[in-house]
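Numbering (our numbering), first residue to last: 995 to 1102.
Each residue gets a CB set at the ideal place from its N, CA and C atoms; glycine is no exception.
A quick write-up on the structure given underneath.
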(Lines of atoms letter the chains of each structure in order from A and count residues from 1; the text may use other names and numbers.)
(Lines give C-alpha, C1' and ligand atoms only; values in the text may rest on other atoms or scores of the structure.)
Protein backbone atom coordinates (compact mmCIF):
# COMPACT_ATOMS: atom_id res chain seq x y z
CA UNK A 1 0.00 0.00 0.00
CA UNK A 2 1.17 3.51 -0.82
CA UNK A 3 1.03 6.55 1.45
CA UNK A 4 -0.24 9.91 0.20
CA UNK A 5 0.35 13.25 1.93
CA UNK A 6 -1.85 16.18 0.96
CA UNK A 7 -0.63 19.65 1.89
CA UNK A 8 -2.26 23.09 1.84
CA UNK A 9 -5.89 22.04 2.24
CA UNK A 10 -8.10 24.93 3.28
CA UNK A 11 -9.68 24.88 6.73
CA UNK A 12 -13.11 24.66 5.09
CA UNK A 13 -12.17 21.49 3.20
CA UNK A 14 -10.76 19.88 6.34
CA UNK A 15 -13.87 20.85 8.34
CA UNK A 16 -16.16 19.45 5.64
CA UNK A 17 -14.17 16.20 5.52
CA UNK A 18 -14.31 15.89 9.32
CA UNK A 19 -18.07 16.49 9.29
CA UNK A 20 -18.60 13.93 6.55
CA UNK A 21 -16.47 11.42 8.47
CA UNK A 22 -18.49 12.11 11.65
CA UNK A 23 -21.77 11.53 9.79
CA UNK A 24 -20.43 8.21 8.53
CA UNK A 25 -19.01 7.18 11.93
CA UNK A 26 -15.43 6.85 10.80
CA UNK A 27 -12.11 8.67 11.01
CA UNK A 28 -11.20 11.48 8.67
CA UNK A 29 -8.47 9.28 7.23
CA UNK A 30 -10.95 6.48 6.52
CA UNK A 31 -13.35 8.96 4.94
CA UNK A 32 -10.61 10.41 2.70
CA UNK A 33 -9.51 6.88 1.75
CA UNK A 34 -13.08 5.92 0.85
CA UNK A 35 -13.61 9.08 -1.22
CA UNK A 36 -10.35 8.69 -3.11
CA UNK A 37 -10.99 4.99 -3.75
CA UNK A 38 -14.47 5.61 -5.08
CA UNK A 39 -13.28 8.53 -7.21
CA UNK A 40 -10.56 6.34 -8.74
CA UNK A 41 -13.20 3.68 -9.49
CA UNK A 42 -15.46 6.28 -11.12
CA UNK A 43 -18.27 6.09 -8.55
CA UNK A 44 -20.49 8.96 -7.49
CA UNK A 45 -19.70 10.73 -4.23
CA UNK A 46 -22.50 9.71 -1.89
CA UNK A 47 -21.65 8.80 1.68
CA UNK A 48 -22.92 5.61 3.27
CA UNK A 49 -25.51 7.50 5.28
CA UNK A 50 -26.65 9.45 2.22
CA UNK A 51 -26.96 6.23 0.22
CA UNK A 52 -29.03 4.53 2.95
CA UNK A 53 -31.36 7.53 3.21
CA UNK A 54 -31.73 7.72 -0.57
CA UNK A 55 -32.52 3.99 -0.74
CA UNK A 56 -35.28 4.40 1.85
CA UNK A 57 -36.82 7.53 0.35
CA UNK A 58 -36.60 6.87 -3.38
CA UNK A 59 -38.95 3.87 -3.63
CA UNK A 60 -41.57 5.42 -1.40
CA UNK A 61 -41.66 9.03 -2.55
CA UNK A 62 -40.21 9.23 -6.01
CA UNK A 63 -40.53 7.74 -9.45
CA UNK A 64 -39.22 8.77 -12.84
CA UNK A 65 -41.50 11.11 -14.76
CA UNK A 66 -41.69 8.63 -17.63
CA UNK A 67 -43.13 5.98 -15.28
CA UNK A 68 -45.64 8.44 -13.82
CA UNK A 69 -46.81 9.50 -17.28
CA UNK A 70 -47.13 5.84 -18.35
CA UNK A 71 -49.31 5.10 -15.31
CA UNK A 72 -51.53 8.11 -16.08
CA UNK A 73 -51.86 6.99 -19.72
CA UNK A 74 -52.90 3.49 -18.60
CA UNK A 75 -55.81 4.79 -16.54
CA UNK A 76 -57.07 8.14 -17.83
CA UNK A 77 -59.75 9.89 -15.82
CA UNK A 78 -63.31 9.22 -16.90
CA UNK A 79 -65.06 11.90 -18.94
CA UNK A 80 -67.10 14.30 -16.81
CA UNK A 81 -70.41 15.76 -17.89
CA UNK A 82 -70.22 19.10 -16.08
CA UNK A 83 -73.83 20.06 -16.77
CA UNK A 84 -75.13 16.75 -15.38
CA UNK A 85 -72.90 17.13 -12.33
CA UNK A 86 -74.25 20.64 -11.63
CA UNK A 87 -77.82 19.43 -12.09
CA UNK A 88 -77.24 16.53 -9.67
CA UNK A 89 -75.64 18.86 -7.16
CA UNK A 90 -78.56 21.28 -7.32
CA UNK A 91 -81.06 18.44 -6.97
CA UNK A 92 -79.27 16.93 -3.95
CA UNK A 93 -78.58 20.17 -2.07
CA UNK A 94 -81.62 21.34 -0.10
CA UNK A 95 -79.85 23.91 2.06
CA UNK A 96 -78.57 26.39 -0.50
CA UNK A 97 -78.70 27.05 -4.20
CA UNK A 98 -75.50 26.09 -6.04
CA UNK A 99 -73.73 29.11 -7.48
CA UNK A 100 -70.44 29.50 -9.21
CA UNK A 101 -68.32 31.86 -7.06
CA UNK A 102 -66.92 33.49 -10.20
CA UNK A 103 -70.41 34.37 -11.32
CA UNK A 104 -71.03 36.13 -8.03
CA UNK A 105 -67.91 38.28 -8.45
CA UNK A 106 -68.78 39.08 -12.05
CA UNK A 107 -72.23 40.34 -11.03
CA UNK A 108 -70.73 42.74 -8.45
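Sequence-distant Cβ neighbours of residue 1012 in its own chain, meaning closer than 7 angstroms and more than five residues away, are 1022. Short of 7 angstroms from the beta carbon of residue 1059, and not among the five residues preceding or following it, lies no beta carbon of its own chain. Distances from the alpha-carbon of residue 1046 to those of 998, 1017, 1027 and 1004 put 1017 closest.
Within the segment 1002–1066, no run of beta strand (DSSP E) reaches 3 residues while sitting entirely inside it. Taking a C-beta distance under 8 angstroms as the contact criterion, residue 1009 and residue 1015 do not qualify as a contact pair. Under the three-state reduction of DSSP output, residue 997 falls in the coil class, being neither helix nor strand.
Residue 1082: member of the alpha helix (DSSP H) spanning 1076–1086, first to last residue.
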